[in-house]
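Engineer: Quick one: the structure is below, and I'll ask about it shortly.
Residue numbers (this note's numbering), protein chains in the order written: chain A, 1 to 199; chain B, 200 to 467.
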C-alpha cells in the first residue's frame, strides 16, 4: 500500500519551480489585496488557501511524485524567512515533510483522494506552526509594549479555542479551494496534455 | 588540447559552464571588466545579502517598539534601494507612509485601530522593500553558485532558481491575460463583484495553461544548454571579501543605533 519514491527528473524540477513561482505570486497578490480590508484580516489564511488550492492540485497532477510538497514547503519557507518571519521556514519544511510522509504511507499522489489529503495536511500543519509564536505572544516579554496598546478583552480572546477555530476555518477554505480545483481540472484541463499525464 | 571558450555564450547561459584557463588570461580580464561595471551591492557575496537582510528585518520586527526606530530602518532600506537604482519604489512608499501617518500627527488621541494600521503598513513596507533588495542584488546565476557551494541538493537548487527568476515573467504574463480578458469583457470590477468565482476560474485556468507552456519551453531551452550537466565549474567565482565584512559591520552598527539609541520624544 506504500507509494513509490521515484527520482525527480529535470523536467519535474522545472515544473515545480514554475508552479512554485505561480503559488508565491498568488500568495502575495491575495495577501496584499486582503490587507486593504481590515475586516478580512482574520479570514486571511482561509481565503489565501482557497486561492492557492487549485494551483497546488494542478502542481501535484503534473508532478505526482513524493517530495513535491517538501520542495514547495522549503521554497515558501525560504520566502517567509527572507521577509523576516523565521517560523515560516520551520512551518514549510515540517509541513511538507509530514505531508509527503503521509502520502507515501497511503499510496502516492496518483490517487486523487490521497493527493487532496496530502494538500490539506500540509496546509493545516503549516498554518499551525506558522502562527504558533502569535498564540504564545501573551507569554513573551518582548510583546509587552505592543500589548499595552490593545484593549484587554481583545488580548483575552487569543485562547486555545481561537487558535483551533482558526485552523478549522483554514482547513475548510483549503477544502473548498480543492473542490474548485477539481472543477477546474474537469472543465478546462480534461483531455489536455496537462491532465492526460495521469491517465 | 585547449579550445578557445566562447565568452558570449557563457555569459548568456543561465547554467554553469566550464571555466578554462588560457595563457593570455582572457577569462580574468573579462571578469574584471564585467565586475567593474556592476552595482557595488552586487559585488558582495550573495550569501552576505541573503543572510544580513532577513536577520536585520527580524531584529527590527522583534525589538523595535517605536515609530521613529521603524522609520530609521526604512530609511536604511530606501538608501539601499536607491543604490540599486530602484528609486520609484522608495518614492511610492514614502507617499503611502506620509499619507497614513499624517493623521497620527494631527489627531490628539488616535484610535488603536489607526495605530495598528500604521504599524502594519510600516511592517509591510519593510517586508516588500527587503524583497525588492534581495531580488535586485542577487542574480539567478550567483544564487545557483552559492547554493552549490552550500552543498544544497540539486532538487532544491533548480526549483528555487527557476521560481525566483520567473516571478517577474509571470507577473508580466498575468497582466497580458488580464488585458485580454478585459477586451472580451470577462474581467472587470463589475464581473469580479457580481461573479467572483467564475472570474477567478477563467483567470486562473488561463494563467495555469500559460504557466505550464512556459515551463515546457524552459525545459527544452535549458536541456539544450546543458542543465543536466552535474559539474561544479562556474564562469565567475564568488567568495567573501573585505566588502562583505564592511557591509556586515556597517549594518550591525546601524541596527544597534536604530534599536538601542535614546530617541527624542515623538508625538507619534
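Using N, Cα and C, we set each Cβ at its ideal position, and we do this for glycine too.
Which residues in chain B sit within 7 Å of residue 188 (chain A), going by Cβ to Cβ distance?
Structural biologist: For this step, residue 188 (chain A) is matched to residue 188 along the first chain. Residues of chain B passing the Cβ test: 404.
Engineer: When you compare the CB of residue 59 (chain A) with every CB in chain B, is at least one pair closer than 7 Å?
Structural biologist: Looking up residue 59 (chain A) in the first chain gives position 59. No, residue 59 (chain A) lies away from the interface with chain B (no Cβ there is under 7 Å from its Cβ).
Engineer: Could you check the C-alpha separation between residue 248 (chain B) and residue 333 (chain B) for me, to the nearest Å?
Structural biologist: Stepping through the second chain from its first residue, residue 248 (chain B) is reached at position 49. Stepping through the second chain from its first residue, residue 333 (chain B) is reached at position 134. Those two C-alpha atoms are separated by around 7 Å.
Engineer: Check each candidate in A:105, A:100, A:120, A:132 and name the one with the smallest Cα separation from residue 46 (chain A).
Structural biologist: By 1-based counting over the first chain, the position of residue 46 (chain A) is 46. Ranking the options by Cα distance to residue 46 (chain A), first place goes to A:120.
Engineer: For residue 176 (chain A), which three-state DSSP category applies?
Structural biologist: Taking the first chain and counting its residues from 1, one reaches residue 176 (chain A) at position 176. Residue 176 (chain A): helix per DSSP, three-state reduction.
Engineer: Quick check on residue 370 (chain B): does DSSP put it in helix, strand or coil?
Structural biologist: For the purposes of this step, residue 370 (chain B) is taken as the residue at position 171 of the second chain. For residue 370 (chain B), the secondary structure class from DSSP, reduced to helix, strand or coil, is helix.
Engineer: With distances taken from CA atoms, which of B:378, B:360, B:396 is nearest residue 21 (chain A)?
Structural biologist: In the first chain, the residue the question calls residue 21 (chain A) occupies position 21. Out of B:378, B:360, B:396, B:360 has the C-alpha closest to the C-alpha of residue 21 (chain A).
Engineer: Cα separation between residue 25 (chain A) and residue 369 (chain B)?
Structural biologist: Against the first chain, residue 25 (chain A) aligns to sequence position 25. Against the second chain, residue 369 (chain B) aligns to sequence position 170. When rounded, the distance between both Cα atoms is 8 Å.
Engineer: Please classify residue 171 (chain A): does DSSP put it in a helix, a strand, or coil?
Structural biologist: Sequence index remark: in the first chain, residue 171 (chain A) carries index 171 (1-based). Here residue 171 (chain A) sits in helix by DSSP.
Engineer: I'd like to know if residue 77 (chain A) contacts chain B, where contact means its C-beta is closer than 7 Å to some C-beta of that chain.
Structural biologist: In the first chain, residue 77 (chain A) corresponds to position 77, counting from 1. For residue 77 (chain A), the answer is no, since every Cβ of chain B falls outside 7 Å of its Cβ.
Engineer: At least one CB of chain B closer than 7 Å to the CB of residue 11 (chain A): is that the case?
Structural biologist: Counting from one through the first chain, the residue named residue 11 (chain A) turns up at place 11. By this cut-off, residue 11 (chain A) is an interface position.
Engineer: Less than 7 Å between C-beta atoms, sequence neighbours within five positions excluded: which residues of the same chain meet that for residue 275 (chain B)?
Structural biologist: Residue 275 (chain B) sits at position 76 when you count from the first residue of the second chain. Cβ neighbours of residue 275 (chain B) beyond the five flanking positions: 453.
Engineer: Would you call the stretch 50-62 of chain A and the stretch 171-179 of chain A touching, i.e. three or more CB-CB distances under 8 Å?
Structural biologist: With the cut-off at 8 Å, the stretch 50-62 of chain A and the stretch 171-179 of chain A touch.
Engineer: Residue 97 (chain A) to residue 162 (chain A), Cα distance in whole Å?
Structural biologist: Your numbering for residue 97 (chain A) matches position 97 in the first chain. Your numbering for residue 162 (chain A) matches position 162 in the first chain. Each residue's alpha carbon lies about 26 Å from the other.
Engineer: Contact between the stretch 375-383 of chain B and the stretch 279-286 of chain B: three or more CB pairs below 8 Å?
Structural biologist: no
Engineer: Counting only Cβ pairs nearer than 7 Å, list the residues of chain A close to residue 358 (chain B).
Structural biologist: Numbered from its first residue, the second chain carries residue 358 (chain B) at position 159. Neighbours of residue 358 (chain B) on chain A, chain order: 13, 16, 17, 20, 71, 75.
Engineer: Is residue 56 (chain A) buried or exposed, if buried means 16 or more other CB atoms sit within 10 Å of its CB?
Structural biologist: In the first chain, counting from the first residue as 1, residue 56 (chain A) sits at position 56. Label assigned to residue 56 (chain A): buried.
Engineer: Expressed to the nearest angstrom, what Euclidean distance is found between the alpha-carbon atoms of residue 19 (chain A) and residue 37 (chain A)?
Structural biologist: For this step, residue 19 (chain A) is matched to residue 19 along the first chain. For this step, residue 37 (chain A) is matched to residue 37 along the first chain. If you take the alpha carbons of residue 19 (chain A) and residue 37 (chain A), they lie about 28 Å apart.
Engineer: What is the DSSP secondary structure of residue 72 (chain A), counted as helix, strand or coil?
Structural biologist: Here residue 72 (chain A) refers to the residue found at position 72 when the first chain is read from its first residue. Under the three-state reduction of DSSP, residue 72 (chain A) is assigned to helix.
Engineer: Given this structure, state the Cα-to-Cα distance separating residue 317 (chain B) from residue 108 (chain A), to the nearest angstrom.
Structural biologist: Stepping through the second chain from its first residue, residue 317 (chain B) is reached at position 118. Stepping through the first chain from its first residue, residue 108 (chain A) is reached at position 108. The alpha-carbon atoms of residue 317 (chain B) and residue 108 (chain A) are separated by roughly 46 Å.
Engineer: Residues in the same chain with beta-carbon distance under 7 Å from residue 31 (chain A), minus the five sequence neighbours each way, listed in chain order, please.
Structural biologist: Walking along the first chain from the start, residue 31 (chain A) turns up at place 31. Taken in chain order, the residues that qualify are 44, 48.
Engineer: Ordered along the chain, which non-local residues of its own chain (more than five positions away) have a Cβ less than 6 Å from that of residue 183 (chain A)?
Structural biologist: What you label residue 183 (chain A) is simply residue 183 of the first chain in a count that begins at 1. Counting only Cβ-Cβ distances below 6 Å, and skipping sequence neighbours, we find nothing.
Engineer: If you run the structure through DSSP and keep just helix, strand and coil, what is residue 285 (chain B)?
Structural biologist: The residue given as residue 285 (chain B) occupies position 86 in the second chain. Three-state DSSP puts residue 285 (chain B) in coil, outside helix and strand.
Engineer: Please list the partners that residue 81 (chain A) has in chain B, where partner means a Cβ-to-Cβ separation under 7 Å.
Structural biologist: In the first chain, the residue the question calls residue 81 (chain A) occupies position 81. Taking a Cβ-Cβ threshold of 7 Å, the residues of chain B close to residue 81 (chain A) are 253, in chain order.
Engineer: Give me the Cα-Cα distance between residue 312 (chain B) and residue 39 (chain A), rounded to the nearest whole angstrom.
Structural biologist: As a first step, residue 312 (chain B) must be located in the second chain, where it is residue number 113. As a first step, residue 39 (chain A) must be located in the first chain, where it is residue number 39. Answer to the nearest angstrom: the Cα atoms are 11 Å apart.
Engineer: Can you say whether residue 201 (chain A) is buried or exposed, counting buried as having 16 or more other CB atoms within 10 angstroms of its CB?
Structural biologist: Any answer about residue 201 (chain A) is impossible in this case: the structure gives chain A only from 1 up to 199.
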